[in-house]
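Per my numbering, the sequence shown starts with residue 7, numbered consecutively. To start, the structure itself, in structure tokens.
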Amino acid sequence: MDYDVVVVGAGPAGCLAAKYAAKNGAKTLIIEEHASIGSPVQCAGLLSTRAIRECEVVLDSGFHPIKGAFVYAPDRRRICISGGEIKAYVVDRRIFDRTLAENAVRSGADILMRTRAVGIDIDMETRGHGHGHGRRRILHVAIEGEPDVIEADIVIGADGVQSRIAQWAGLDTPETALSGAQISTVYDFDDPEFVEIFPGSCAPGFFAWAIPHHGSARIGLAVRPGFGSGSAWAHLKRLIAEYPVVSEKCDPGITGIALGGIPISVPQQTAAEGLLIIGDAAGQVKPTSGGGVYPGAVCAKIAGKIAADAVLEGNTSAGRLSEYDKLWRARIGRELVIGRRVNEWMARLSDSEINRLVGVLDDDELLDLITRYGDMDHPSVVVRKLLMNRKSMGAFLKMALMR
Ligand SMILES: Cc1cc2nc3c(=O)[nH]c(=O)nc-3n(C[C@H](O)[C@H](O)[C@H](O)COP(=O)(O)OP(=O)(O)OC[C@H]3O[C@@H](n4cnc5c(N)ncnc54)[C@H](O)[C@@H]3O)c2cc1C
Numbered sequence: 007m008d009y010d011v012v013v014v015g016a017g018p019a020g021c022l023a024a025k026y027a028a029k030n031g032a033k034t035l036i037i038e039e040h041a042s043i044g045s046p047v048q049c050a051g052l053l054s055t056r057a058i059r060e061c062e063v064v065l066d067s068g069f070h071p072i073k074g075a076f077v078y079a080p081d082r083r084r085i086c087i088s089g090g091e092i093k094a095y096v097v098d099r100r101i102f103d104r105t106l107a108e109n110a111v112r113s114g115a116d117i118l119m120r121t122r123a124v125g126i127d128i129d130m131e132t133r134g135h136g137h138g139h140g141r142r143r144i145l146h147v148a149i150e151g152e153p154d155v156i157e158a159d160i161v162i163g164a165d166g167v168q169s170r171i172a173q174w175a176g177l178d179t180p181e182t183a184l185s186g187a188q189i190s191t192v193y194d195f196d197d198p199e200f201v202e203i204f205p206g207s208c209a210p211g212f213f214a215w216a217i218p219h220h221g222s223a224r225i226g227l228a229v230r231p232g233f234g235s236g237s238a239w240a241h242l243k244r245l246i247a248e249y250p251v252v253s254e255k256c257d258p259g260i261t262g263i264a265l266g267g268i269p270i271s272v273p274q275q276t277a278a279e280g281l282l283i284i285g286d287a288a289g290q291v292k293p294t295s296g297g298g299v300y301p302g303a304v305c306a307k308i309a310g311k312i313a314a315d316a317v318l319e320g321n322t323s324a325g326r327l328s329e330y331d332k333l334w335r336a337r338i339g340r341e342l343v344i345g346r347r348v349n350e351w352m353a354r355l356s357d358s359e360i361n362r363l364v365g366v367l368d369d370d371e372l373l374d375l376i377t378r379y380g381d382m383d384h385p386s387v388v389v390r391k392l393l394m395n396r397k398s399m400g401a402f403l404k405m406a407l408m409r
């Protein structure tokens, strides 16, 4: 088998990269190790309206609309953040990812299921390939268990948080990853158009969530290594059994469990000779929310286009492909860096500090500011507004001085 571009992994990032590579003239193949796209689900499925647009997916009646969030402090005080309009949807990732894969196929990409990448080499024979820039890649695969080889000008690693492609290519993998755990169950939401967020020691280093989806709920949390003790799963069991608010509204009957890592730091480099990494494999995830579909989609589309252009130019050198690295960082790099700082700050707050913070934000002027400038995909905007506001800045300073 011989392709211009081979994408490893049929998650949202891989499917969008393949779509853009094929659309821009490259003979493209996606390989996916599982027998079914989107399974097993490792996601709450909460996507902003912008993320859905970025993925180029048409709104569907299966998408559950979300208008805002209730944030609960550990002392049960809650604030409501809502502008009254639909800000996001909760989707079924099995269906969502399959739609993205179909869109890639419609754009001309081939797809091979039950095909696992097991190794990657550089084809030493191809020194001087094309116009002399960049050697081809040899991807070792197991197709339904049988060893085989696929040759490609460029391999795109879209193989998720534990990317082997990045490791084999000698690129760093994201150094910080949260551990996530989530169950599907029945939950008594006060308003099924609102998600519920629980910051504090119930989820050390991150937060817990309750997300409605057509009469059922996804209750989950993520924890950050080095913060608190115990696994994400142990914290989640405690959350549903004894945490205020959640334990009272959550049914003990569990209908599904999802466990997975969430990278929140980006590696130094995301391009090498004949190779790019995208999505979770490249740590392209919002550190404030753990949402990876939007940033992954933005970067995947850049990667697909650059890969096709580079193949058609006959230059797949690391230098040529580093344009991808520059372009995606220019588009969302700053947002990820600011998000990381916010995450670092939030992760270190004690329960009593979170109680105080929620108390400060429970103010008409500040809630109005958060509602107006709050943006799931660009949290830096509201952070800047809060830092410029006299009331909130005064309270933040007081909290910092009292530490
Ligand atoms: C508990 C939890 C909740 C989350 N909730 C949200 C949310 O609400 N909203 C949001 O935006 N994000 C959420 N995320 C993050 C989101 O799921 C990821 O950021 C997103 O799926 C990343 O997409 P991706 O295409 O980069 O990788 P993935 O979706 O992980 O896809 C990688 C694909 O590569 C395949 N693969 C891996 N290795 C190989 C190999 N060697 N050969 C062939 N195929 C391979 C895998 O089977 C998989 O299909 C959540 C994550 C967790 C863990």
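Beta carbons: idealized from backbone N, C-alpha and C, even for Gly.
So, at 7 angstroms on beta carbons, what are the nonlocal neighbours of residue i in its own chain, with the 5 sequence-adjacent residues on each side left out?
i    : result
L327 : A277, L282, I312 and A316
H137 : Because H137 sits at a pLDDT of 47, beneath the cut-off of 50, its placement in the model cannot be relied upon, and the following sentence gives the value as read from the coordinates. Closer than 7 angstroms at Cβ, skipping near neighbours: G320 and N321.
K255 : Y193 and D194
T294 : G345, V348, N349 and P385
So what does DSSP say about residue i, is it helix, strand or coil?
i    : result
C256 : strand
V155 : strand
F200 : strand
Q188 : strand
L282 : strand
L355 : coil
K307 : helix
G325 : helix
V388 : helix
I171 : helix
A164 : coil
D178 : coil
A316 : helix
Going by other Cβ atoms of all chains shown within 10 Å of its Cβ, with 16 needed for buried, is residue i buried or exposed?
i    : result
E319 : exposed
P301 : buried
H220 : exposed
A240 : exposed
R224 : buried
S54  : buried
E202 : buried
L403 : exposed
T121 : buried
D159 : buried
E131 : exposed
W215 : buried
V4   : Within the shown structure, residues of the chain are numbered from 7 to 409, placing residue 4 beyond reach of any answer.
A247 : exposed
Run through the DSSP bridge pairs and tell me what residue i is partnered with.
i    : result
Q290 : Answer is none; Q290 lacks a bridge partner.
Q48  : Answer by DSSP bridge pairing: none, since Q48 is not bridged.
S88  : G74
W215 : I203 and G226
R143 : I128 and A158
I268 : L184
L403 : Beta-bridge pairing links L403 to no other residue.
V12  : L35 and V161
If we ignore side chains and look at the alpha-carbon of each, how far apart do residue i and residue j end up?
i    : j    : result
P273 : A336 : 15 angstroms
Q168 : A287 : 7 angstroms
I87  : F204 : 14 angstroms
R59  : D357 : 37 angstroms
R82  : E371 : 21 angstroms
G380 : G325 : 38 angstroms
P269 : P258 : 30 angstroms
T179 : G266 : 16 angstroms
A175 : V147 : 15 angstroms
G191 : G280 : What sits at residue 191 in the sequence shown is Thr, not Gly. Approximately 44 angstroms, taken between the alpha carbons.
S3   : S185 : Outside the shown range of the chain, which is 7 to 409, sits residue 3, and nothing can be said about it.
D196 : V364 : 19 angstroms
F415 : G236 : Residue 415 is absent from the model: the chain starts at 7 and stops at 409.
S398 : E62  : 38 angstroms
For residue i, which residues of its own chain have a beta-carbon under 6 angstroms away from its beta-carbon, when the five flanking residues on both sides are left out?
i    : result
A406 : none
K307 : L22 and Y26
G163 : V14, S169, I171, A172, I283 and A287
When you compare the CB of residue i with every CB in chain B, is at least one pair closer than 8 angstroms?
i    : result
E371 : Reference to chain B is not applicable here, since this structure consists of a single protein chain.
So, at 8 angstroms on beta carbons, what are the nonlocal neighbours of residue i in its own chain, with the 5 sequence-adjacent residues on each side left out?
i   : result
L65 : I58 and Y95
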